Structures are given as C-alpha cells and as structure tokens.
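Below: one structure, written as structure tokens.
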Amino acid sequence: MIAARSRTFLKSTGFAALAACMLVPLAAQGHAQSPVPPGFTSIFDGKTLKGWKGDPTIWSVQDGAIQGHSAEPIPLNTYLIYDKPYANFEIRFKYRFLTDAGNSGLQFRSGQVAGNYILGGLQANVTPINRKSPERFAMLYEEIGERQEMVLLGQKAEITRAQAAGGGQGRIVRTVSETINSRDEILDHIKPTGEWNEDVLIVYGNRMWHAVNGYLAFDATDNDPLSIRSGLLGWQFHKGPPSTVQFKDIVIKPLTAMPNITGRFITKPSPAPEPRKTYKDSTQVNIADKPLE
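In our numbering, the protein residues as written are 4 to 296.
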C-alpha cells in the first residue's frame, strides 16, 4: 500500500515538475523579442532603455516592452528620445494600449527643444480607436510646428507651401489626390485594448507611408521647402488623463534608394471627397483648414 502510494506521489509530482518545466519557456516566450528581419537593426533590447532617454516617472520596461504610463493626469507632453538621428528609413514596431484613453505617436525627423524631454517635428500618430475623430488615427502630424494635421487617415496627399494672405511664413496647402482606404475599413482591423497592433513607417526623401496591421493609413508627399529631412526618433506620451501604452519589436533599416511598396500593403483606392485642396495660414495654426478656391 505504501509502495503504491509512493508510486502515485512520484507520478503526480513528476507530472507537476514536467508541467512546470514546460510552462517556464512558454512564459519566457511571452516577453521574448521577435526575430530581427534581414537588413534591420533592433533599437530596443526588450530589457532596458539603453539608447533612449526620457522622464523615468513615465517611461520604463514592462513585460518586455517599452511602457509609457501615468496613473495621474499630466499637464504637458513628454517623449522618450532615441539617441541616433535618421533621415531615410523603414521602421517596424508593435504597439498596444492598456487603457481606453491615451494618445501617443512615433516622432521622426524631429529635434529636441527646451523642456521635459520635448521633441518637435513629424509624427506618425498612435492612438486607441476613436470613432468620433477617426481622421486623426494614424495621421501624419507636425508636433510643435505650424503644419499640425498634415495628412489624415486614409489620404494620399501632397503638402506644399504658398504665400500667406495674412503674412507669416506662408500658407500650408494640402492636396488630396485619392482615398487609399476608407477610415472605417482601417479602424475595423485595429485590435482592441490590450492586444498588439503591427505598425510600419517608411520614409524616403519627400515620401512617407504609414501602415497599421497591413492597411495603408496614409501616403504622403512633403514638398514644403521648409520641411526637415533628418532628425531624431521618439515616442510621445501625450498630456491628459491617465493612460498606458506599450511598444515592442522595434526594428529599423536605413534606406539608400526609393523603396517600391507596390503590393506590400492593403489598399482599396477611391476618389477623394471634396474639397480636395485645403489650406491654413501659418499665423492661424489653431484654426481648421479651409477650402482653397
């Protein structure tokens, strides 16, 4: 009887030990970085913020991901800044929000200005799904700049500059040539809170493409003669209510020639709605764009 019980105990404990051994690598896999694609370099090691600088009360590494978090509202935007500038590149990463609230983005071709880790420059917007203002999801934005909302979700557009009627540095003109995907189509393929989305940003010269979960979100041509062609990368943590955002599997590849993106992303082109050409004067950056007659 004792021998039988001993065999039963050994079997049960042996099975438990085996199960535990099997669970350890599975748990580790949850925090493991994905393999780096050929030609790309990882700029986040999954363990530390080496190479990055930012407010330590906001930024940390959690669960193998860069995390921006605040349990209290914050009054100003702040950024996690990478220590190397890039001009022409393709960057891939995954992101998720752990809160329904939040506002973030990938800064690029940006410069650091005075303040609490502040960047000014271009941004590929990263936010939770917002059906009330869908045009701002994944848009091209200029942070601390006069151009602000440059190319909106689903647009293929060109940005130029003309003389401003009211003075200032000029009139910023957006000309939309087509809709590359409907906003609803893109938002329908965004993962819910807590799940990972896959993001790609490609930048070369005056051309920029942003895709989320395989859907092209914007196709931009920046022909503004005052635009900047190189600068820093960084993650934004936007002022406002408490929120949590995470980024992982961040890899980048410098580009030496104009890429051919034909067939890489899902697009369902359609005619752009009117007005196709809009503008804002640089002296009136907080006023909505107006149709250009």
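Glycine is no exception: its CB is placed at the ideal position from the N, C-alpha and C atoms.
On a predicted model such as this, the values are computed, not experimentally measured, just so you know.
Check: Nearest residue (CA-CA) to L156, options E181, H241, T163; Outcome: E181
Check: Own chain, CB closer than 7 Å to R279, minus 5 neighbours either side, in chain order; Outcome: T178, V179
Check: Buried versus exposed call for T270 [16 or more other C-beta atoms within 10 Å across all chains shown]; Outcome: buried
Check: Same chain, Cβ closer than 7 Å to I231, neighbours up to 5 away in sequence not counted; Outcome: R112, G124
Check: Secondary structure, beta strand (DSSP E): runs of 3+ residues fully inside the segment 190–215; Outcome: 200–207, 210–215
Check: Cβ neighbour criterion (16 or more within 10 Å) applied to G118; Outcome: exposed
Check: Cβ contact check for the segment 147–162 and the segment 241–261: 3 or more pairs under 8 Å; Outcome: no
Check: Segment limits, beta strand (DSSP E) that includes A223; Outcome: 218–225
Check: Enclosing beta strand (DSSP E) for R164 [first to last residue]; Outcome: 158–165
Check: Secondary structure, beta strand (DSSP E): runs of 3+ residues fully inside the segment 57–92; Outcome: 62–65, 68–73, 81–85
Check: Among L204, A90, I77, E198, the one whose alpha carbon lies nearest that of F221; Outcome: L204
Check: Alpha-carbon to alpha-carbon, P294 and N226; Outcome: 19 Å
Check: Helix, strand or coil at R186 according to DSSP, with G and I counted as helix; Outcome: helix
Check: Local conformation of E138 per DSSP, three classes; Outcome: helix
Check: Span of the beta strand (DSSP E), counted from its first residue to its last, around S246; Outcome: 246–257
Check: Start and end residues, beta strand (DSSP E) containing K283; Outcome: 280–284
Check: Spatially closest choice to L190 from Q70, M142, R174, by CA coordinates; Outcome: M142
Check: Identity of the residue in R150, L52, E201, I84 nearest D292 by Cα; Outcome: R150
Check: Check whether G108 and Y144 have beta carbons under 8 Å apart; Outcome: yes
Check: Proximity to K135 [Cα-Cα], best of Y85, P59, Q158, D187; Outcome: D187
Check: CB contact check: F221 to chain D, cutoff 8 Å; Outcome: The structure shown contains no chain D, having only a single protein chain.
Check: Cut-off 6 Å between Cβ atoms - residues of its own chain near K97, not counting five sequence neighbours on either side; Outcome: W199, E201, K251, D252
Check: Delimiting residues of the beta strand (DSSP E) encompassing N128; Outcome: 121–129
Check: The ligand GTP heavy atom lying under 7 Å from the CB of G148; Outcome: The model depicted lacks the ligand GTP and carries no ligand whatsoever.
Check: Beta-bridge partners of R267, as assigned by DSSP; Outcome: Per DSSP, none; premise fails for R267.
Check: Classification of G237 by the beta-carbon crowding that lies within 10 angstroms, buried from 16 upward; Outcome: buried
Check: Buried versus exposed call for D127 [16 or more other C-beta atoms within 10 Å across all chains shown]; Outcome: It is Ala, not Asp, that sits at residue 127 in the sequence shown. Result: buried.
Check: Secondary structure of I132, DSSP reduced to three states; Outcome: coil
Check: Residue of V254, P59, Y85 minimising C-alpha distance to P38; Outcome: V254
Check: Span separating the alpha-carbon of L26 from that of D284; Outcome: Caution applies to L26, whose pLDDT of 41 falls short of 50 and renders its modelled position unreliable; the value that the coordinates give is listed next. One C-alpha to the other measures close to 59 Å.
Check: Counted within 10 angstroms of its Cβ, other Cβ atoms place G208 as buried (16 or more) or exposed; Outcome: exposed
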